[in-house]
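Undergrad: Start counting at 1 in the sequence shown, then tack on 643, and there's your number in the working numbering.
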Amino acid sequence: MRDHCRFSGRSRNRASARVDWPVDLLEETALNSGWPRLPRRLVLAGGSHPFIPEREMTKLTIVAFDGTRHDLDVENGSTVMENAVRNSVPGIEAECGGACACATCHVYVDDAWSAAVGAPEAMEEDMLDFAYDVRPTSRLSCQIKMSEALDGLIVHVPERQA
Ligand code: FES
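Here it is as structure tokens:
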């Protein structure tokens with residue numbers, strides 16, 4: 644049986660249409676014409692395709708204050724705060740939504756990961772002055788972007804936010 648990729652597309656003269664493209668036909672088309680020459684308005688709606696890179700995933704562990712571990716598979720480029728909120732990890736409030744303006748996403752980076760995560764930038768450091776019980780490994784989780792280099796990162800949620 645052929646694998647299919649589902650696309651939705653719209654042309655000037657036609658109504659919106661959904662098309663299931665056989666993957667092998669799509670591959671052949673892409674190889675012969677080059678991906679950029681395929682209709683621009685095609686939008687991948689599901690499944691994966693060899694010409695569209697899948698987002699890389701990494702592991703992130705957030706340890707809540709009560710010791711509960713939240714082991715997450717997260718997208719590279721996302722922040723620790725975004726993943727904590729998305730997964731309802733208790734103790735991360737993130738009132739400013741990641742604008743580095745509230746210090747309610749404070750975490751302690753696990754000692755083993757401190758060097759890899761690095762030090763906060765000046766703005767984050769200023770904001771950390773408003774956090775509760777700041778330690779040498781304190782960071783604002785909205786400023787830590789996941790990447791391959793941080794695969795397996797562990798952070799700890801403090802007793803409370805500011
Ligand atoms: S979410 Fe507000 S400083 Fe991180």
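Every residue gets a Cβ at the ideal spot worked out from N, C-alpha and C, and that includes glycine.
Please return the same chain residues whose Cβ sits closer than 6 Å to the Cβ of Asp714, not counting the five positions on each side in sequence.
TA: Excluding residues within five positions, the ones whose Cβ falls inside 6 Å are Thr704.
Undergrad: Can you name, in chain order, every residue of its own chain whose Cβ lies under 7 Å from the Cβ of Ala634, other than the five neighbours on each side?
TA: For the chain, the structure presents residues 644 to 805; residue 634 sits outside this window and is missing.
Undergrad: Shortest alpha-carbon distance to Arg778 belongs to which of Glu802, Lys702, Glu699?
TA: For Arg778, the nearest C-alpha among the options comes from Glu802.
Undergrad: Around the C-beta of Glu699, are 16 or more other C-beta atoms found within 10 angstroms, so that it is buried, or is it exposed?
TA: With fewer than 16 other Cβ atoms within 10 Å, it is exposed.
Undergrad: Rounded to whole angstroms, how far is the Cβ of Val620 from the Cβ of Val750, which I believe are closer than 8 Å?
TA: The structure shown does not extend to residue 620, since the chain is modelled only from 644 through 805, so no value can be given for it.
Undergrad: State buried or exposed for Ala810, treating a residue as buried only when at least 16 other CB atoms are found within 10 Å of its CB.
TA: For the chain, the structure presents residues 644 to 805; residue 810 sits outside this window and is missing.
Undergrad: Can you give the Cα-Cα distance for Leu796 and Asp776, rounded to whole angstroms?
TA: Near 21 Å, if we compare the C-alpha coordinates of Asp776 and Leu796.
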